[in-house]
Structures are given as C-alpha cells and as structure tokens.
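Right, one structure below, let's go through it.
In this note's numbering, the protein residues as written are 305 to 630.
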C-alpha cells in the first residue's frame, strides 16, 4: 500500500513531485480538508511549471502511484467539485487527461496513444483501494468515475460501431489516409465517420478546427471510443464547446459525462441535471454540487468495477468489501 502524503511540492532540481511528512492516522475531517488543499496547491504549482501535456501527464501518473488511496479520493473529489469555483480547473484537466490515457485499452484498433499505458497506469490494487476509500468517505463522484473508467471492457465494444452511409462505402485505409491529408476537400464526410481510429487522426490534424471537433463530439450515435479518441488531444479536452457537446451526447458513457462536467461553466453543469438520458446518479451528483435536491442517489455499489490487472482479484475484493460499505 502506498505511503500517506499530506502534500506535494515541485522539486527545484528536477521538477519531480516529492513527498512531504506523513499525516497522522487520527486526522479529523478538518485536518483532511486542510491536507487536501495543501496537496492541491502543490500539485497545481507543479503542473503550472510544466507546459508539455505529456510531461504533465507523467507527473500526474507519479502522483497517483505515490499517494495514499484515501488522500487521492479526496483530491479527486475536491478538485472536480470545486474545479470552476475553487480554481482547480487546470488540476482536474490534468487528472482527467491522465485518466483517459491510463484506463484499460480495447483490443480492437482505436488509434494510438502518445504515452504507453504501462508508464501511466497504477496496478489494479491501488485503483481498487481508491474506490474503497471513496465509498468509505462517501465521495460518490470519485466512486462512480473510477469504478466505470477502469471497469473491465465489454467484449462487444467493436460491434457498437455504426458507420454513416456516406462513409461505409470507403475502406478504412482510405478514410485514414484522407483524415491525415492537409487538404480539407473530403473533410465534410470524414466528420461523419465514427471509427475511433479515423477520429483519432482527425483530432490530431491541425486542419481540424473547433466547429469540426464539436460536430464529431455531437454526432449520434457516436462510438464511445471515438469520443475518447477526440478528447485524448489536450486542445479538445480543454475546449469548453467540445466538452459541452460530448457531455450532452447520449452516446457518451456516464462516467465521462461526470468527468467532463467540472470543466464546464456552472450554467452548463446545471443544464446536464435535466437531461433525461444521463444516468440518474450522475444527475444527482451534479444536483448536489449546486444545491438542487431534485434527485436522490441510489445505493452505491463499488463492486461493479473490475480493474483489468492480474495483480488483484477484484471479485474477491468486492465480496469482502461490499457487505460492510454498501
């Protein structure tokens, strides 16, 4: 189990996050809140000193791996809930960027990731412990987002692909080639392509502009991995209009809707509460953030998460953990 770190700071020598003194095990709620704020301030300062998004992601990965589960759960919950009002948007953006890269990857082709997952993902035991801590501390946002983001992948995800009639007559190789092209002659019909590998190329193409990215994020039905391929690019993950379009899309998984919400203005977050196709618990969490007691959270079951990792038997973890905490 990871050591407990009440705060983090950027090293003057190599800008690597390094641990400070350990927090007493008998910490009160106020102590935990103060510790969480110290960690967030230090992490935010370390991220501010790093401009390259891939280096930022590696810093976050080290922070995730080296921080105790209980503290991580509180950092994730606090930075998301207070992302806009508390000024933690940059921190949550970096945490979400890490999450999109570190979660289990499908076996069918969905494009490439700039950073190998082995360099980013903690072992399954650590993820399970963060979920356990989040449930014990009654942090529903962190519980649901981590549970579903790191869930075992469904075997039929490749079958969810529904090609638009205007693109299905073209081979995948041709569509990928056209997506890489600097000319935009074929871009209109390419934007209707929901193939994750094609969307990933379009998302990286400098010729793809905000209206194009919004169209990709808005298309219904859209393959969930196509949405992720778009959001893997920092310029689109940090774009309000693209994130709003993805959050409003009925094809977007619940965990991703919740994860995108902290990046959006309060008015948009409130609008998401009223979208009937969004999961009830997700809308309840957003409502609680803004004092809207219109929905009630159902009994939370952390046991729906099955992290893809051979180091931990999560089914046994569920059996041992769920009866005491659900």
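Even for Gly, the Cβ is constructed at its ideal location relative to N, Cα and C.
Assigned exposure category for residue i - 16 Cβ within 10 Å defines buried
| i | result |
| --- | --- |
| residue 398 | buried |
| residue 580 | exposed |
| residue 514 | exposed |
| residue 335 | exposed |
| residue 543 | buried |
| residue 578 | exposed |
| residue 442 | exposed |
| residue 333 | exposed |
| residue 516 | buried |
| residue 484 | exposed |
| residue 521 | buried |
| residue 337 | exposed |
| residue 533 | buried |
| residue 500 | buried |
| residue 453 | buried |
| residue 363 | buried |
| residue 426 | buried |
| residue 290 | Residue 290 lies beyond the stretch modelled for the chain, which goes from 305 to 630, so this question has no answer here. |
| residue 389 | exposed |
| residue 355 | exposed |
| residue 359 | exposed |
| residue 404 | buried |
| residue 376 | buried |
| residue 478 | exposed |
Sequence-distant residues of its chain with Cβ nearer than 6 Å to residue i (five each side left out)
| i | result |
| --- | --- |
| residue 374 | 437 |
| residue 567 | 547 |
| residue 387 | 393, 396 and 566 |
| residue 385 | 593 |
| residue 569 | none |
| residue 407 | 453 and 454 |
DSSP three-state assignment for residue i, whether helix, strand or coil
| i | result |
| --- | --- |
| residue 403 | helix |
| residue 631 | Residue 631 cannot be examined here, being either before or after the span of the chain that is shown, 305 to 630. |
| residue 452 | helix |
| residue 499 | coil |
| residue 556 | coil |
| residue 537 | coil |
| residue 426 | coil |
| residue 397 | helix |
| residue 447 | helix |
| residue 543 | coil |
| residue 442 | coil |
| residue 511 | coil |
| residue 523 | coil |
| residue 605 | Note that residue 605 has pLDDT 49, beneath the 50 cutoff, so the model's placement of it is unreliable and the number below is only indicative. The answer is coil: DSSP assigns residue 605 none of H, G, I, E or B. |
| residue 568 | coil |
| residue 578 | coil |
| residue 583 | coil |
| residue 550 | helix |
| residue 409 | coil |
Own chain residues within Cβ distance below 8 Å of residue i, not counting five before or after
| i | result |
| --- | --- |
| residue 524 | 553, 554 and 555 |
| residue 330 | A caution first: residue 330 carries a pLDDT of 46, below 50, which makes its placement in the model unreliable, though a value can still be read off. Correct list: empty, nothing qualifies. |
| residue 505 | 415, 480, 483 and 484 |
Cβ neighbours of residue i in the same chain (closer than 7 Å, five flanking residues each side left out)
| i | result |
| --- | --- |
| residue 395 | 344, 347, 348, 351 and 383 |
| residue 380 | 399 and 446 |
| residue 401 | 357, 361, 538 and 541 |
| residue 583 | 558 |
| residue 562 | 445, 448, 449, 586 and 589 |
| residue 565 | 551, 573, 576 and 590 |
| residue 512 | 506 |
| residue 549 | 518, 521 and 522 |
Interface flag, residue i vs chain D, CB-CB below 7 Å
| i | result |
| --- | --- |
| residue 549 | The question asks about chain D, but that chain is absent: this structure has only one protein chain. |
> At which residue ranges does the region 340-386 contain complete beta strand (DSSP E) runs of 3 or more residues, listed in the order of the chain?
Replying inline: Complete beta strand (DSSP E) runs here, min 3: none at all.
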